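K.L.:
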Amino acid sequence: MRYILIAIVLMFVHASTAQDVSLALQQEPRMSEAQKKAQWAQFNGTIVSFANSNRRYAPDRLPAIPLRNSETLVAWKGEKVHTQLALWTGATVKAVISTGDLNGKSGAVIPKTNISSGFEGFVITDEFRNGCGYRKPQDFDSFLVADAIHFEKQSGIVLKNRVQPLWVSVQVPATAKAGSYEGWITVTAGKIYKLKLTVKVLDRVLPPPAEWKFNLDLWQHPAAIARVDKVPLWSEAHFARMRSYYTMLANAGQKCITASIVEEPWGHQTFDDYPSLIKWTRKKDASWRFDYSLFDRYIAFVMSTGIKERINCYSMVPWKVAFRYYDEQLGRDTVFTGKIGSDAYDAFWTPMLKDFTQHLKQKGWFGKTTIAMDERPMEAMQAVIRLLKGIDKDWKIALAGEYHAEIEKDIYDYCIASAHQFPDNILKEREQQGKLSTWYTCCTEKYPNGFTFSPPAEHVWIGWYTAAKNMNGYLRWAYNSWVEHPETDSRFRSWPAGDTYQVYPGPVSSIRFEKLIEGIQDFEKITVLRKAYAQQGATEKLNQLEAALKSFEIKKLEKQSAEEMVLSVKQLVNE
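Shown next as structure tokens:
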């Protein structure tokens with residue numbers, strides 16, 4: 002039924018007019034509806050072929066790819082690798098994909114239970130144009146792209162004159178023997194198509210995600226899960242549904258819990274509300290009571306899924322300065338709107354911070370907790386730093402925003418926008434001090450990015466760039482801040498399509514998310530090789546790797562694709 006709906010939706014998506022569409026379709030030639038129709042008029046039958054996993058294939062145009070019935074992937078032990086297939090047909094067919102064991106010559110096996118396959122889903126996307134800012138759908142070009150990966154769906158109806166991409170992932174066991182493993186992917190679509198898959202496992206081991214050095218920080222949005230899964234917020238059913246989403250994120254190496262300590266720390270910029278985990282009450286005698294029961298339950302829950310290194314609490318400087326609390330004297334909720342840094346602001350926050358500090362220490366969480374701010378002015382940050390350090394000198398502070406030398410020493414978790422860079426000497430000092438130095442992208446950057454129209458290899462590129470700049474990781478503001486209908490339409494009122502989420506309800510993975518994991522794995526390989534080459538005195542290999550990393554500059558993406566840049570150096574971590 003979903004594919005019939007997509008076909009219907011396609012009829013209403015207006016024709017392409019923007020230059021960004023060619024970028025989204027990986028530089029394929031522009032094609033009118035009449036040209037597409039003429040293409041299909043000359044085609045009959047059904048074709049299944051391996052396809053490039055760094056490309057998105059449109060549902061209504063014949064793929065311009067060389068036909069291949071064999072594919073070889075190279076992996077470290079413990080690594081997850083993937084490939085893409087494309088099926089296109091001149092007649093409506095039922096398609097089924099299945100996989101078997103991958104067998105090594107010595108009798109070793111990568112079992113089929115380590116292989117996942119599924120149909121990709123199409124979603125409406127738009128274009129970058131000016132990036133940030135409110136937008137009306139009718140003012141932007143829109144079209145369908147493949148993005149969601151339904152690993153739970155191995156069969157479906159493919160309509161006449163349509164393309165159906167398929168995704169296959171292989172999780173290589175950490176205990177696998179080095180060598181080549183071969184097996185078959187079978188696609189039944191009118192007849193049986195057998196495609197040979199070979200995985201060449203190298204004699205190197207990738208650590209498990211919990212031990213990855215890459216600091217991934219995709220912000221979680223619990224209320225969005227309650228809405229799409231139709232369960233009451235903070236109910237037992239809600240916590241049960243959240244587990245699979247957070248486990249999937251932990252398996253990507255996520256290190257940080259996103260915790261809201263005030264109502265709407267981002268000023269209602271998301272489709273769903275962002276409620277506070279802490280209930281603030283001003284009592285009749287003007288003293289304060291803070292209820293941490295939900296905060297404690299939520300933090301303990303997220304830690305149980307494997308995300309437990311840091312707790313970033315948002316925020317003392319929200320996008321709209323309006324702190325809501327319950328006033329017993331008035332018998333209703335009220336709002337504090339005092340200026341950041343004012344005496345009234347300090348008086349409002351001091352009781353909470355003192356109480357919160359004591360509570361976190363009792364829970365054993367103080368050392369991993371930060372008060373976090375998102376793109377806030379330096380003057381506001383200075384005011385918060387002064388107040389926090391006055392409460393307890395050991396308070397840690399996080400900031401995602403511009404680089405400010407004036408406050409750098411006070412920021413434990415400093416994530417700078419892609420337009421900025423840490424000075425080399427500052428990076429080294431921060432590393433020696435055990436501080437985190439990361440970077441982020443958002444609606445501002447055309448590239449690299451993770452919109453639904455972004456070239457998939459840009460997410461791989463992110464891992465290489467992070468290593469090249471000797472940073473610790475990458476932040477993106479939304480793991481799952483879904484739009485109204487995320488499964489079919491990734492557009493939002495404020496930013497380019499897909500900016501608000503990286504995975505789909507279910508949870509359902511995406512091409513973007515899988516490619517981000519690929520880039521993180523490459524970062525881990527680079528980390529392992531740098532250490533090994535230095536210890537072994539393999540100066541030539543180390544110099545070759547470092548020289549390749551120097552080519553990763555954002556400005557180069559203006560003329561050279563992320564795919565080309567990544568593929569030109571991949572062999573350096575897969576020798």
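If you count the sequence shown from 1, you need to add 1 to reach the working numbering. Every residue, glycine too, gets a C-beta built ideally from N, C-alpha and C. Here the structure is a predicted model, which is why all the values come from computation and not from measurement.
1. Does Y466 come out as helix, strand or coil in the three-state DSSP assignment?
2. Verify whether the separation of the beta carbon atoms of S261 and Y315 is less than 7 Å.
3. Comparing C-alpha positions only, which one of P223, K106, F493, I521 sits nearest to P209?
4. Roughly how many angstroms separate the alpha carbons of T453 and T351, rounded to a whole number?
5. Going residue by residue through the region 447-524, where are the continuous alpha helix (DSSP H) segments of at least 4 residues, counting only ones entirely within it?
6. Taking the beta carbon of V336 as the centre, do at least 16 other beta carbons fall within 10 Å, making it buried, or is it exposed?
7. Given this structure, state the Cα-to-Cα distance separating E407 from W478, to the nearest angstrom.
8. Report the three-state DSSP secondary structure of P319 (helix, strand or coil).
9. I want to know whether the region 126-138 touches the region 171-189 - three or more CB-CB distances under 8 Å.
10. Does the count of Cβ pairs from the region 506-525 and the region 465-480 closer than 8 Å reach three?
11. Quick one: give me the first and last residue of the alpha helix (DSSP H) that L354 is part of.
12. L400 bridges to which residues according to DSSP?
13. Going by alpha carbons, who is nearest to D61 out of V159, F272, M382, F357?
14. Work out the CA separation of D356 and R333 for me, nearest whole Å.
15. Are the beta-carbon atoms of C416 and L476 separated by less than 7 Å?
16. Starting from the C-beta of S294, find all residues in its chain whose C-beta is less than 7 Å away, skip the five residues before and the five after it, and write them out in chain order.
17. What distance in whole Å lies between the Cβ atoms of E183 and L103, which are believed to be in contact at a cut-off of 8 Å?
18. What residues in its chain sit with their C-beta under 7 Å from that of V22, if we drop five residues either side in the sequence?
19. Measure the C-alpha to C-alpha separation of V202 and H83 and round it to an integer number of angstroms.
20. How is the alpha helix (DSSP H) around K390 delimited, first residue to last?
21. Quick one: what's got a C-beta closer than 6 Å to F553's C-beta in the same chain, skipping five residues either side?
22. Quick one: using the 10 Å Cβ neighbour count with 16 as the cut-off for buried, is T100 buried or exposed?
23. Near D347, what residues of its chain come up, given a Cβ to Cβ distance below 7 Å and the 5 sequence neighbours on each side ignored?
24. Using the C-alpha atoms, what's the distance from E376 back to A418?
25. Do D328 and R283 count as a contact pair if the criterion is CB distance below 7 Å?
26. List the endpoints of the continuous beta strand (DSSP E) containing Q165.
27. Exposed or buried, what is L68 when buried is set at 16 or more other beta-carbons lying within 10 Å of its beta-carbon?
28. Within the continuous alpha helix (DSSP H) that includes N544, where are the two ends?
29. Classify H151 as helix, strand or coil using the three-state DSSP reduction.
30. If you check the beta carbons only, do T187 and K195 fall under 7 Å apart?
31. Would DSSP call A177 helix, strand or coil?
32. What would DSSP say about G435, mapped onto helix, strand or coil?
33. Note down the Cα distance separating I412 from R290, rounded to an integer number of angstroms.
34. Which same chain residues, not among the five before or five after H460, have their C-beta less than 7 Å away from its C-beta?
35. Quick check on Y247: does DSSP put it in helix, strand or coil?
36. Need the endpoints of the beta strand (DSSP E) that R325 sits in, please.
P.N.:
So, from the data block:
1. helix
2. yes
3. I521
4. 43 Å
5. 458-469
6. exposed
7. 25 Å
8. coil
9. no
10. yes
11. 344-364
12. M374, Y415
13. V159
14. 23 Å
15. yes
16. none
17. 6 Å
18. For V22, the predicted model reports a pLDDT of 38, less than 50, meaning its position is unreliable and no value from the coordinates is stated.
19. 13 Å
20. 379-392
21. W465, Y466, A469
22. buried
23. L388
24. 9 Å
25. yes
26. 163-172
27. exposed
28. 540-550
29. strand
30. yes
31. coil
32. coil
33. 29 Å
34. G451, R513, K516, L517, G520
35. helix
36. 324-328
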